[in-house]
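Peer 1: Before we start, here is the structure in question, set down as structure tokens.
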Amino acid sequence: MPTQIPDDPSRRRFVTALAAAGFAAAVRPVGAETIVTPSSGLTAGMVHIPSAGVEVPAYRAMPQGRRNAPLILVVQEIFGVHEHIRDICRRLAQLGYCAIAPELYFRQGDVSTISDIPRIISEVVSRVPDAQVMADLDATLAWAGAQDIADTQRVGITGFCWGGRIVWLYCAHNPQLKAGVAWYGKLEGPSSELTPKHPLDLAAQLRVPVLGLYGGADAGIPVTSVERMREAIATAHGASELVVYPDTPHAFNADYRPSYRPAAAADGWKRMRAWFDAHGLPV
Numbered sequence: 001m002p003t004q005i006p007d008d009p010s011r012r013r014f015v016t017a018l019a020a021a022g023f024a025a026a027v028r029p030v031g032a033e034t035i036v037t038p039s040s041g042l043t044a045g046m047v048h049i050p051s052a053g054v055e056v057p058a059y060r061a062m063p064q065g066r067r068n069a070p071l072i073l074v075v076q077e078i079f080g081v082h083e084h085i086r087d088i089c090r091r092l093a094q095l096g097y098c099a100i101a102p103e104l105y106f107r108q109g110d111v112s113t114i115s116d117i118p119r120i121i122s123e124v125v126s127r128v129p130d131a132q133v134m135a136d137l138d139a140t141l142a143w144a145g146a147q148d149i150a151d152t153q154r155v156g157i158t159g160f161c162w163g164g165r166i167v168w169l170y171c172a173h174n175p176q177l178k179a180g181v182a183w184y185g186k187l188e189g190p191s192s193e194l195t196p197k198h199p200l201d202l203a204a205q206l207r208v209p210v211l212g213l214y215g216g217a218d219a220g221i222p223v224t225s226v227e228r229m230r231e232a233i234a235t236a237h238g239a240s241e242l243v244v245y246p247d248t249p250h251a252f253n254a255d256y257r258p259s260y261r262p263a264a265a266a267d268g269w270k271r272m273r274a275w276f277d278a279h280g281l282p283v
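Sequential numbering of the sequence shown, starting at 1, is according to UniProt numbering.
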């Protein structure tokens, strides 16, 4: 199960320094509240998934000896599949899921070495086509089925920030899913050749229920945007739900950053587990 770093200054410095090696340069130093989940009892590590003629790197964590666990696709933040996303996979695996986080823009560049967030966005993230992401997630499902490492009839998806938006898109794309949980994912914005549709545009096309978790003080996703999405899904797809945490910033689940809000993060995690349980993904 996830464990909190003890509030001991010397140990905190040691564990934070150790963990920082797995985080993107743009988010160092890592915060003292960073959660470290052990891999004991798990099969965890990097794998490679064939997709459109390339091998997509991915982090996979699953209970040792279990091959029929529900599968959860974990979609990265803008910082890639760094240590926090890998830890999310281990948390899910410790609960009994098989969790896989593919590196969804490794073709466009390696964000782990870039220390400037605007550069990450302009040089890498903004160049990622939604179509590529959908295809790589499809390939991840196909790979998991071919490897017989999880029950691919019971699949969910969760994602954070950049990945939260992708959750909404993928739940409109693939009816094979049972449910999705989107953490503070962007809901609307200008269209482009690479990002032609946003979640609000696709509300009527959702094929599976989505739980959206948002901060009421998110500077990048105003509550008005969330309320527009709430109205759209109520009209088009009543099975989805939105939760807004008052006075809570963006990235409130990112326990390695100053934006972390333990109460909202814990409540969101509890709601995510209940959402998956209620929609055909009990462990």
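Glycine included, C-beta positions come from ideal geometry on N, C-alpha and C.
Answer with buried or exposed for Met-46, where buried requires no fewer than 16 other C-beta atoms within 10 angstroms of its C-beta.
Peer 2: Classification of Met-46: exposed, given that the 10 Å Cβ count is below 16.
Peer 1: Using only CA atoms, which one of Leu-242, Met-229, Gln-64 and Ser-191 lies nearest to Tyr-214?
Peer 2: Checking every option, the nearest Cα to that of Tyr-214 belongs to Leu-242.
Peer 1: Verify the CB distance criterion: does Pro-190 have a CB-CB separation below 8 Å to chain D?
Peer 2: Here there is only one protein chain, and chain D is not present.
Peer 1: Between Trp-275 and Val-56, what straight-line distance do the alpha-carbon atoms span, to the nearest angstrom?
Peer 2: Going from the Cα of Trp-275 to the Cα of Val-56 covers about 29 Å.
Peer 1: Below 8 Å CB to CB, which residues in the same chain sit around Gly-22 once its five sequence neighbours on both sides are set aside?
Peer 2: Contacts found: His-82, Glu-83 and Arg-86.
Peer 1: Starting from the C-beta of Gly-238, find all residues in its chain whose C-beta is less than 6 Å away, skip the five residues before and the five after it, and write them out in chain order.
Peer 2: Counting only Cβ-Cβ distances below 6 Å, and skipping sequence neighbours, we find nothing.
Peer 1: Cβ of Asp-110 within 7 Å of any heavy atom in the ligand MN?
Peer 2: Ligands are entirely absent from the displayed structure, and the ligand MN is therefore not among its contents.
Peer 1: Check whether the stretch 133-147 touches the stretch 108-115, counting contact only when three or more Cβ pairs, one atom from each stretch, lie closer than 8 Å.
Peer 2: With the cut-off at 8 Å, the stretch 133-147 and the stretch 108-115 do not touch.
Peer 1: Use the C-beta contact count for Arg-13: other C-beta atoms within 10 angstroms, 16 or more gives buried, fewer gives exposed.
Peer 2: Its pLDDT being 48, under 50, Arg-13 is placed unreliably by the model, and nothing is read from it.
Peer 1: Between the C-alpha atoms of Pro-190 and Ala-44, what's the straight-line distance to the nearest angstrom?
Peer 2: Approximately 38 Å, taken between the alpha carbons.
Peer 1: Can you give the Cα-Cα distance for Arg-271 and His-48, rounded to whole angstroms?
Peer 2: Taking the straight line joining both Cα atoms gives about 31 Å.
Peer 1: Based on the DSSP secondary-structure assignment, which residues constitute the bridge partners of Phe-160?
Peer 2: In the DSSP output, where bridge partners are listed per residue, Phe-160 has Trp-183.
Peer 1: Which residues does DSSP pair with Ser-259 in a beta bridge?
Peer 2: In DSSP, Ser-259 forms no bridge with anything.
Peer 1: Locate the beta strand (DSSP E) running through Ala-61, then write down its first and last residues.
Peer 2: Taken as a continuous stretch (DSSP letters only), the beta strand (DSSP E) holding Ala-61 covers 54-63.
Peer 1: Taking the straight line between their C-alpha atoms, what separation do you get for Val-30 and Ile-78?
Peer 2: Those two C-alpha atoms are separated by around 16 Å.
Peer 1: What number of angstroms, rounded off, separates the C-alpha of Asp-218 from the C-alpha of Val-125?
Peer 2: Looking at the two C-alpha atoms, the distance is approximately 20 Å.
Peer 1: Any idea if Glu-203 is buried or exposed, counting beta-carbon neighbours within 10 angstroms, 16 or more meaning buried?
Peer 2: The question names Glu, but residue 203 is Ala in the sequence shown. Ala-203 comes out buried.
Peer 1: What are the boundary residues of the beta strand (DSSP E) that includes Ile-221?
Peer 2: Unbroken run through Ile-221: none, as it is neither H nor E.
Peer 1: Find the nearest neighbour of Ile-149 within the set Pro-258, Val-36, Pro-63 and Arg-90, judged by alpha-carbon distance.
Peer 2: With distances taken between Cα atoms, Ile-149 lies closest to Pro-63.
Peer 1: Determine the DSSP secondary structure at Ile-120, reduced to helix, strand or coil.
Peer 2: Helix, per DSSP.
Peer 1: Would Ile-157 pass as a contact of Ile-72 if the rule is Cβ separation under 8 Å?
Peer 2: Yes, the Cβ-Cβ distance between Ile-157 and Ile-72 is below 8 Å.
Peer 1: What is the rounded straight-line gap between the Cα of residue 298 and the Cα of Tyr-256?
Peer 2: Limits of the chain in this structure are 1 at one end and 283 at the other, which puts residue 298 out of reach.
Peer 1: Between Ala-232 and Leu-200, how many whole angstroms is the CB-CB distance? I'm expecting something under 8 Å.
Peer 2: 6 Å between Cβ atoms; contact.
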